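Below is one structure, written out as structure tokens; comments come after it.
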Amino acid sequence: KRAERLFERGELGGPALMLMREPAFMTGGNRLAPGDRLLLFTDGITEMPCRADGGEDIGIDGLIDWLNEHPADVLADLVGGVTTAVLSLSKSMAFKDDVCLVGVEFEECGE
Numbered sequence: 005k006r007a008e009r010l011f012e013r014g015e016l017g018g019p020a021l022m023l024m025r026e027p028a029f030m031t032g033g034n035r036l037a038p039g040d041r042l043l044l045f046t047d048g049i050t051e052m053p054c055r056a057d058g059g060e061d062i063g064i065d066g067l068i069d070w071l072n073e074h075p076a077d078v079l080a081d082l083v084g085g086v087t088t089a090v091l092s093l094s095k096s097m098a099f100k101d102d103v104c105l106v107g108v109e110f111e112e113c114g115e
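Take 5 as the starting number for the sequence shown in this note's numbering and just add one per residue.
Spelled out as structure tokens, the structure:
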């Protein structure tokens, strides 16, 4: 939520894409305001350990905490900051799993 500068976890979840032959996904909706951002990511981000010794995974809650503690005015800085922070927290030079991270920022529509 851009106005509050707050990231929150979506309510819905489901199986990974392409994991099952005929997966069932729930649908839902959220009202988005201009400036709101949506961050989509694979588990390669959240399943990185917090420490080099294999500590607990960063997890979705850890990612959301980091996002809320490090607001960025520019979306590209936010996306780049996430990957840099995850590698730094894990004391790693590379991700151990595939990573996809997509940031979307909503703009006001003309009528």
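Ideal Cβ positions, reconstructed from N, Cα and C, are used throughout, including at glycine. Bear in mind the structure is a predicted one, so any value in this text is a computation, not a measurement.
Query	Result
Limits of the unbroken beta strand (DSSP E) element including residue 107	105 to 109
Where residue 42 falls, given that 16 or more other Cβ within 10 Å makes a residue buried	exposed
Length of the line joining the Cα atoms of residue 15 and residue 30	10 Å
Nearest neighbour of residue 74, chosen from 65, 63, 64, 86 [CA to CA]	86
Extent of the continuous beta strand (DSSP E) to which residue 23 belongs	Element bounds for residue 23: n/a, residue is neither H nor E.
Straight-line Cα distance separating residue 25 from residue 107	27 Å
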